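In our numbering, the protein residues as written are 545 to 859.
In this text, a Cβ means the ideal position worked out from N, Cα and C, and glycines have one as well.
Just so it is clear, the structure is predicted and the values come from calculations on it, not from any experiment.
First comes the structure, then the notes that go with it.
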C-alpha cells in the first residue's frame with residue numbers, strides 16, 4: 545500500500561527496534577540511505593541496525609567507522625532503495641521478503657511488496673528521500689549522517705551530472721556539506737580511485753566492446769573467466785556499467801555480467817529511450833536512464849535475447 549510522506553514520518557517516529565534492509569550488490573545509495581537512517585533513529589533514542597545479503601564493498605568502509613554494533617529482536621522492518629523483494633538477495637528475500645513493514649524508495653518500478661511503501665520518484669536518489677524524512681523527524685544531521693547521505697546523492701547521480709539531478713538535489717547536497725559531509729574525500733573515493741583489478745577488467749571490456757544498429761547500441765559482456773583472470777570483484781563493475789553511455793552516438797548501452805548464481809543486465813540510455821521499459825520486458829525495472837534485470841540462463845543466450853529484443857522492438 546502506498547502511503548504519504550506524513551505517514552512515513554509517523555511510522556519512523558512511533559516505532560522502535562528497527563531492522564533496516566538494503567538491496568543485494570549494494571551501491572552507495574542503498575548503503576548510504578540505510579545507514580543514515582540507522583544513525584538518525586539511534587539519535588532519536590531508538591535501536592536500529594542494518595543488514596545486507598552480500599558483503600559490503602571495502603570502499604564504503606568509511607561510513608561504518610563510528611557505527612556501534614547493536615543486537616536486539618527487531619520489531620519493525622524497513623527497506624531502503626529496494627524496488628522489489630527479490631532485490632534483497634536470496635537469503636534476505638527468503639527470511640524477510642514478506643515481512644517488510646515500510647519500504648522507502650525512489651524507483652518508478654516499485655512493486656509495493658511491503659505493508660506500506662513511501663516512494664518519491666522525483667528524487668534523484670533514495671538518500672534524497674531519507675534526508676527529507678530525517679529532517680521531518682526533527683533529528684539534527686551530524687557528520688556521520690551527512691557522509692552517508694552525500695555518498696548516495698553523489699553516486700546515484702554520477703557525481704551530480706545525470707539528468708535526474710534537480711535544483712533540490714544540489715540544495716540538499718549543500719546542506720549536507722554544511723553539516724560536515726566530506727564531499728571532496730567522498731567524490732575522490734567514489735569516482736577518482738580505481739583498483740588495479742578494476743583497471744584490468746575495464747581494459748578487457750573495452751577490447752571486447754560490440755556495437756549494433758549503426759553504433760546506436762553498445763554491448764559489454766563480463767564473463768566469469770574475466771573476473772577470474774583479473775581478480776576483479778562485483779564492486780569493480782561500478783566503473784564498467786557507465787562506459788557504454790559515454791560513447792558518442794550510443795543511444796542504449798548494455799552491460800551483461802556474471803554474478804555467480806545469475807546473469808545481471810544493466811541498461812543505460814539517453815533521452816530518446818527508456819531503460820526501465822526495456823528491463824520491464826524481462827521482469828526487471830529501475831529508472832528511465834538506468835535500469836536492470838536478471839536471468840538464469842547461459843550468458844551467451846542472455847546476450848542474444850537482450851540484443852535481439854532491443855534491435856527488433858526498441859531501436
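- At the C-beta level, residue 673 and residue 650 come within 8 Å of one another.
- Excluding five sequence positions before and after residue 575, the CB atoms of its chain that fall closer than 7 Å to its own CB belong to 566, 600, 604, 607, given in chain order.
- Taking 8 Å as the upper bound for CB-CB distance, residue 784 and residue 844 are not in contact here, some 19 Å apart.
- If you look at residue 566, you'll find it isn't in any alpha helix (DSSP H); it sits in the beta strand (DSSP E) that goes 562-566.
- Sequence-distant Cβ neighbours of residue 659 in its own chain, meaning closer than 8 Å and more than five residues away, are 545, 644, 645, 646.
- A straight line joining the alpha-carbon of residue 593 with that of residue 719 spans about 25 Å.
- Restricting attention to 726, 792, 775, the CA atom closest to the CA of residue 758 is found in 792.
- Residue 705 and residue 780 have their C-alpha atoms spaced approximately 21 Å apart.
- Between residue 734 and residue 699, the CB-CB gap stays under 8 Å.
- In the structure shown, residue 604 falls within a helical segment according to DSSP collapsed to helix, strand and coil.
- Exclusion of the five residues before and after residue 797 leaves 762, 788, 789, 812 as the residues of its chain whose Cβ lies within less than 6 Å of its Cβ.
- In terms of Cβ geometry, residue 577 and residue 696 form a close pair [threshold 8 Å].
- Our two residues, residue 801 and residue 851, have alpha carbons roughly 14 Å apart in a direct line.
- From the listed residues 619, 584, 602, the smallest Cα separation to residue 572 is found for 602.
- For residue 735, no beta strand (DSSP E) encloses it; the enclosing alpha helix (DSSP H) starts and ends at 727-735.
- Taking each of 838, 620, 549, 836 in turn and checking the Cα distance to residue 664, the smallest one comes out for 549.
- When secondary structure is reduced to three states using DSSP, residue 811 falls in the strand class.
- DSSP places residue 817 outside both helix and strand once states are collapsed to three, so it counts as coil.
- Rounded to the nearest angstrom, the gap between the Cα atoms of residue 804 and residue 829 is 20 Å.
- By the Cβ neighbour-count rule, residue 625 is buried, with 16 or more other Cβ atoms within 10 Å of its own.
- Positions of the alpha helix (DSSP H) runs, each at least 4 residues long and wholly inside the segment 728-798, are given as 740-751, 768-774 in order along the chain.
- Cβ-Cβ distances below 6 Å link residue 839 to 807, 846 in the same chain, with the five nearest sequence neighbours on each side left out; the list follows chain order.
- The alpha-carbon of residue 717 is positioned some 11 Å away from that of residue 709.
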